[in-house]
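Residue numbers (the working numbering): 6 to 219.
Quick reminder that beta carbons are idealized off the backbone N, C-alpha and C, glycines included.
In this text the structure is predicted, and so the values were computed from the model without any measurement.
Notes to accompany the following structure.
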Amino acid sequence: MKVIDESKMSETLQFIQDYQTREGKTPTYRVIMDSCHFSSLAVVSRYIGHLKKRNLIKTENNGGWKQIALPDFIKKKGSHNTFIVGAVRCGQPSEAIEDIEACVALPDEIFGSAEHVILHAKGPSMINRGIFDGDLLVVRLSSVADYGQTIIAILDDQEATCKIYARKNNKDYLKAANDETENGKRVYDVYPTGNWTIYGIVEFVIHKPVRDVL
């Protein structure tokens, strides 16, 4: 049986409470690991599990990922917690995105109450839809979409890309919003040859700040 360090337990609980009060959001397991000097995410999970069993904290699932729940007195009314889960290529597909960076509260009045994730856009293939390298994409989780919508697609269960859901010659494909060509062919269009699924629909784009050049 693995021993729980009670002083470490108290330190972890205090850090979570202080972080929630200060930031208005809950810390991710990785933030807890780094700040409280745990050896791994598995150890963090074990301590969080014990805190939950003692009714000192609550946890909840958000888009399939477990997180610490905000206390009601901190949680903003009319909002829902949303993960920033890494980056997705707006170009050639890249490895699927499940690298949780942070958790933020999105106001329902602006974003609606559906489940979302937030991704960093990488690459140039969607510039004609106003999506540029470094922008944040607010993605509503959905396995279906309408033609013409901007989606996040997962190819062969391991690669992700941001494209327009399109159809040509009675076949679905992933169309880029960039007209660059090479040898007469569009560079960034993707024609999946294996299994692929729709991960979500891009509903909002948050542009990175533009800094003045002196």
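| Query | Result |
| --- | --- |
| Assigned exposure category for K173 - 16 Cβ within 10 Å defines buried | exposed |
| V192 and V144 closer than 8 Å at C-beta | no |
| Residue of P129, L160, L179 minimising C-alpha distance to Y152 | L179 |
| Every unbroken alpha helix (DSSP H) inside the stretch 29-75 [4 residues or more] | 34-41, 46-58 |
| Rounded Cβ spacing between A182 and M131 (contact assumed at less than 8 Å) | 5 Å |
| Alpha-carbon spacing of T17 relative to I37, whole angstroms | 7 Å |
| Beta-bridge pairing of C108 - partner residues as DSSP gives them | F88 |
| Extent of the continuous beta strand (DSSP E) run through I115 | No beta strand (DSSP E) contains I115, which is instead part of the alpha helix (DSSP H) from 113-116. |
| Which of helix, strand or coil DSSP assigns to T26 | helix |
| Buried or exposed by the 16-neighbour rule on C-beta atoms within 10 Å, applied to Y34 | buried |
| Contact set for S50: own chain, Cβ-Cβ below 7 Å, skip 5 residues either direction | Y34 |
| Beta carbon of V93 nearer than 8 Å to that of E106 | no |
| Uninterrupted alpha helix (DSSP H) stretches inside the stretch 122-163 (no shorter than 4 residues) | none |
| Proximity to S12 [Cα-Cα], best of T31, Y52, I169 | Y52 |
| Inter-residue spacing [alpha-carbon to alpha-carbon] between Y196 and T26 | 48 Å |
| Assigned exposure category for G205 - 16 Cβ within 10 Å defines buried | buried |
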